[in-house]
Amino acid sequence: MLAFIGGTGLTRMENLRIIDSHTLSTRFGAPSAPIVEGELNGNKVLFLARHGDPHVLLPHQVNYRANLSALKEVGATAIVAVNAVGGITAQAPTGGLVLPDQIIDYTWGREMTLFDDPAEPLVHVDFSWPFDSALRNGLKETLAASGLKWNDGGCYAATQGPRLETAAEIARLERDGCDIVGMTGMPEAVLARELELPYAMLSLVVNPAAGKSSHEITMAEIEAVIHDGMANVCRVLADFAGSYTA
Numbered sequence: 447m448l449a450f451i452g453g454t455g456l457t458r459m460e461n462l463r464i465i466d467s468h469t470l471s472t473r474f475g476a477p478s479a480p481i482v483e484g485e486l487n488g489n490k491v492l493f494l495a496r497h498g499d500p501h502v503l504l505p506h507q508v509n510y511r512a513n514l515s516a517l518k519e520v521g522a523t524a525i526v527a528v529n530a531v532g533g534i535t536a537q538a539p540t541g542g543l544v545l546p547d548q549i550i551d552y553t554w555g556r557e558m559t560l561f562d563d564p565a566e567p568l569v570h571v572d573f574s575w576p577f578d579s580a581l582r583n584g585l586k587e588t589l590a591a592s593g594l595k596w597n598d599g600g601c602y603a604a605t606q607g608p609r610l611e612t613a614a615e616i617a618r619l620e621r622d623g624c625d626i627v628g629m630t631g632m633p634e635a636v637l638a639r640e641l642e643l644p645y646a647m648l649s650l651v652v653n654p655a656a657g658k659s660s661h662e663i664t665m666a667e668i669e670a671v672i673h674d675g676m677a678n679v680c681r682v683l684a685d686f687a688g689s690y691t692a
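Okay, so the sequence shown: first residue is 447 according to this note's numbering, each after it adds one.
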């Protein structure tokens, strides 16, 4: 089944019929929220609220290992993750969508692997290309037909949070080649790779990153963009779910 990770608003899509809710625990603990199973445009799908339901978990508090393990256990075969991000370069304008093809991890102190049991073999996964090409191609086709403002490719910078970045930090990320910045992309993406779950990311740009606008970033502005932009995200995901084949 195709799984979506994002906010609780994803389960309020049009044409979504909720079938079940799975409350479970893993060897890494409980996931952020029960996993919701539904039918969307003819296909069964799974939803997981990354920050809990209601939204209570900060990015560094999310139990990413439990989240990914639980999705695998319930039957996920591929994951599309939705992220709210700051835009660094011109290819990431506020309100637009970005389908990144690379990621740089600037987080620290997070549980980064499923393979940390000394009694089990040490595993190193290839992470050269962190996002699944088949999923990205399917999302590209859906986005191309949507009429929305979007960009194919870009590098996602995963920062620790929960604070926003300084202008100097954003300048550094831009020098490193990053186009967008968020706080939830890692270790989520690499854990999906360890579980052999195809994973792609759809990012909504909710604000110019620090130093990229002439005024201070406010939560009111961000929330306004999220309100409008998430409707577009939901439309893209619903259309993608209708055309998705495992």
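The C-beta atom is built at its ideal place from N, Cα and C for all residues, glycine as well.
Please say whether LEU517 and LEU650 have beta carbons closer to each other than 8 Å?
Taking 8 Å as the Cβ cut-off, LEU650 and LEU517 do not qualify as a contacting pair.
Taking Cβ positions, are ILE549 and TYR602 nearer each other than 8 Å?
yes
Selection from LEU568, THR605, GLY599 that minimises the alpha carbon distance to ARG582
GLY599
Host beta strand (DSSP E) of ALA670 (start-end)
Note, ALA670: premise wrong, no beta strand (DSSP E); alpha helix (DSSP H) at 665 to 689.
Would you list the one or two residues that DSSP bridges to ASN548?
As written in the sequence, residue 548 is Gln, which differs from the Asn given in the question. The partner list for GLN548 (beta bridge, DSSP) reads CYS601.
In this structure, does DSSP put PRO654 in helix, strand or coil?
Residue state, collapsed to three classes: strand.
Residues bridged to PHE450 by DSSP?
PHE493, VAL526
Of the listed residues PRO500, VAL679, ALA527, VAL520, nearest to GLY593 (C-alpha basis):
VAL679
Looking at PRO477 and LEU494, is the spacing between their C-beta atoms short of 8 Å?
Yes, the pair counts as a contact, with Cβ atoms nearer than the cut-off.
Simplified DSSP assignment, three categories, for HIS570
coil
Given this structure, state the Cα-to-Cα distance separating ARG621 from ASN529, to the nearest angstrom.
22 Å
Quick one: what's got a C-beta closer than 8 Å to VAL571's C-beta in the same chain, skipping five residues either side?
Closer than 8 Å at the Cβ level, and outside the excluded window around VAL571, lie VAL636, ARG639, GLU640.
First and last residue of the uninterrupted alpha helix (DSSP H) at ILE534:
Per DSSP, ILE534 belongs to no alpha helix (DSSP H) and is neither H nor E.
Span of the beta strand (DSSP E) holding VAL482?
481 to 486
Three-way DSSP call (helix, strand, coil) for SER579 in this model:
helix
Determine the contact status of ASP685 and THR588, defining contact as a CB-CB distance below 8 Å.
yes
Flag this pair as touching only if the region 574 to 581 and the region 644 to 660 have three or more C-beta atom pairs under 8 Å; answer yes or no.
As far as the Cβ criterion goes, the region 574 to 581 touches the region 644 to 660, which means the pair count is three or higher.
PRO539 burial status per 10 Å Cβ neighbour count (16 or more: buried):
So PRO539 counts as exposed.
Per-residue DSSP class, three states only, for ALA695
One cannot answer for residue 695 here, as it falls past the ends of the chain, which runs 447 to 692.
For ALA614, does the three-state DSSP call read helix, strand or coil?
helix
Is it true that the CB of VAL482 sits closer than 8 Å to the CB of LEU448?
no
Suppose contacts are defined by Cβ-Cβ distances below 8 Å. Is ARG496 in contact with GLY452 by that definition?
yes
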